[in-house]
DNA sequence: TATTGTTATACTCTATAACTATA
DNA sequence: TATAGTTATAGAGTATAACAATA
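Chains as they are written, first to last, in my numbering: chain A, 1 to 151; chain B, 1 to 151.
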């Protein structure tokens, strides 16, 4: 059983577990990422959000529609340039984001389950080493909204 | 940057790299898996192959069509039960399988690139520990055709 | 003409469901 | 009727391309 095989399967398992948990919360990891971006800089244009997450602009429209329906974000035309929408997170959105962040931590802790603290640190270090080689801009990247919730 | 995030991204990267390399070889990891199963037990029925790999039977038909076009497998009606097809790997199929196995080893080695031998062993052990919890029947499973090439 | 957001289209993967031929 | 293989259909997910409003 090769290491890359284990990586693929474990990554897939982690993703599945996350999707299921987010679905029970009525949202998708994509929503988490969008809320996290909006929570960093309070007002953003849709193009800026999409770019910072690496999402397609068309994809973002639907995500924002769903977040707006739930009252987690608000959209407003920019008076200075009426093509632009100003998007901001609401108070309900902030509360939802806090819950999603707790959920993500819980998922992480559950997934690493039987590994003790030292072994978790070891695993993380090894994966970061691989990531620095295989995941562009991952080595020096700060914990940002973009990676708080993945997809 | 969470550990599960790194797992997801690295698993995805490993999969992408593998797909690209297999594509250049004119085949898919699925083909590798099928050939590996056929190489274990020389004659198999399509249902048995599909079941041992966890593939859908409809999915397998197309894979075998492609392998047969390339002369890597042969199908033959079972005279005793004309509903069944006997599938066997050809000499060309065995040669192709050897190449795919070498390719998989190469991909693994490339992916783990800068990790030395001890760190590779350590990573593998940690991943196996996680796998025993999250990937059913993975802990006690021998290296089998089913996992030689993944999907 | 170029850009922002939006909508529509198409393509990949996969899962499911008919269909045929044999039993 | 039940099964093995085959074919067709439908769904999720995503990428691409057209579109309307504004600059």
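Glycine included, each C-beta is placed from N, C-alpha and C at the ideal position.
Inset, instruction - Answer yes or no: does any C-beta atom of chain A fall closer than 8 Å to that of residue 20 of chain B? - result: Translated into positions along the second chain, residue 20 of chain B becomes position 20. By this cut-off, residue 20 of chain B is not an interface position.
Legend entry - Three-state class that DSSP yields for residue 86 of chain A in the structure shown: Taking the first residue of the first chain as position 1, residue 86 of chain A is located at position 86. In the three-state reduction of the DSSP assignment, residue 86 of chain A falls in the strand class, which pools E and B.
Inset, instruction - Kindly indicate which three-state DSSP category residue 101 of chain B falls into: helix, strand or coil? - result: Position 101 of the second chain, counted from the first residue, corresponds to residue 101 of chain B. Per DSSP, reduced to three states, the secondary structure at residue 101 of chain B is helical.
Legend entry - CB contact flag (residue 48 of chain B, residue 57 of chain B, <8 Å): Locating residue 48 of chain B in the second chain gives position 48, counting from the first residue. Locating residue 57 of chain B in the second chain gives position 57, counting from the first residue. The answer is no: Cβ separation not under 8 Å.
Legend entry - Alpha-carbon to alpha-carbon, residue 25 of chain A and residue 27 of chain B: Here residue 27 of chain B corresponds to residue number 27 of the second chain, with the count starting at 1. Here residue 25 of chain A corresponds to residue number 25 of the first chain, with the count starting at 1. Our two residues, residue 27 of chain B and residue 25 of chain A, have alpha carbons roughly 40 Å apart in a direct line.
Legend entry - Pick from A:12, A:72, A:99 that is closest to residue 38 of chain A, judged by C-alpha positions: Along the first chain, read from residue 1 onward, the residue named residue 38 of chain A stands at position 38. Selected option, being the one with the closest Cα: A:72.
Legend entry - Check whether residue 4 of chain B and residue 111 of chain A have beta carbons under 8 Å apart: The count along the second chain starts at 1 and reaches residue 4 of chain B at position 4. The count along the first chain starts at 1 and reaches residue 111 of chain A at position 111. Yes, Cβ-Cβ distance for residue 4 of chain B and residue 111 of chain A is below 8 Å.
Legend entry - With 16 other Cβ atoms within 10 Å as the buried cut-off, status of residue 9 of chain A: Position 9 of the first chain, counted from the first residue, corresponds to residue 9 of chain A. With 16 or more other Cβ atoms within 10 Å, it is buried.
Legend entry - Euclidean distance between Cα positions of residue 64 of chain A and residue 137 of chain B: For the purposes of this step, residue 64 of chain A is taken as the residue at position 64 of the first chain. For the purposes of this step, residue 137 of chain B is taken as the residue at position 137 of the second chain. A direct Cα-Cα distance of roughly 41 Å separates residue 64 of chain A from residue 137 of chain B.
Legend entry - DSSP beta-bridge partners of residue 75 of chain B: Within the second chain, the letter at position 75 stands for residue 75 of chain B. Answer is B:87, bridged to residue 75 of chain B.
Inset, instruction - Report the option in B:126, B:121, B:99, B:127 whose CA atom is closest to the CA atom of residue 36 of chain B. - result: Here residue 36 of chain B is taken as the residue at index 36 of the second chain, counted from 1. Nearest C-alpha to residue 36 of chain B: B:99.
Legend entry - Residues near residue 14 of chain A by beta carbon distance below 6 Å, same chain, minus five either side: Here residue 14 of chain A refers to the residue found at position 14 of the first chain. Sequence-distant Cβ neighbours of residue 14 of chain A in its own chain, meaning closer than 6 Å and more than five residues away, are 111.
Legend entry - residue 59 of chain A to residue 132 of chain A span [Cα, whole Å]: As a first step, residue 59 of chain A is located in the first chain; it is residue number 59 there, counting from the start. As a first step, residue 132 of chain A is located in the first chain; it is residue number 132 there, counting from the start. C-alpha separation (whole angstroms): 28 Å.
Inset, instruction - Taking only beta carbons into account, state which residues of the segment 122 to 137 of chain B come closer than 7 Å to chain A, listed in chain order. - result: Within the segment 122 to 137 of chain B, the residues whose Cβ lies closer than 7 Å to some Cβ of chain A are 122, 123, 124, 126, 127, 128, 129, 130, 131, 133, 134, 135, listed in chain order.
Inset, instruction - Evaluate residue 44 of chain A with the Cβ neighbour count: other Cβ atoms within 10 Å of its Cβ, from every protein chain shown; 16 or more gives buried, anything less gives exposed. - result: Here residue 44 of chain A is taken as the residue at index 44 of the first chain, counted from 1. Classification for residue 44 of chain A: buried.
Inset, instruction - Say whether chain A places a C-beta atom closer than 8 Å to the C-beta of residue 114 of chain B. - result: Here residue 114 of chain B corresponds to residue number 114 of the second chain, with the count starting at 1. Yes, contact with chain A.
Inset, instruction - Please compile the residues from chain B whose C-beta is within a distance smaller than 7 Å of the C-beta of residue 11 of chain A. - result: The residue labelled residue 11 of chain A in the question sits at position 11 within the first chain. Within chain B, the residues near residue 11 of chain A are 7, 8, 10, 11, 12.
Inset, instruction - May I ask which residues mark the beginning and end of the alpha helix (DSSP H) holding residue 53 of chain B? - result: Reading the second chain from its first residue, position 53 is the one you call residue 53 of chain B. Element bounds for residue 53 of chain B: 46 to 53.
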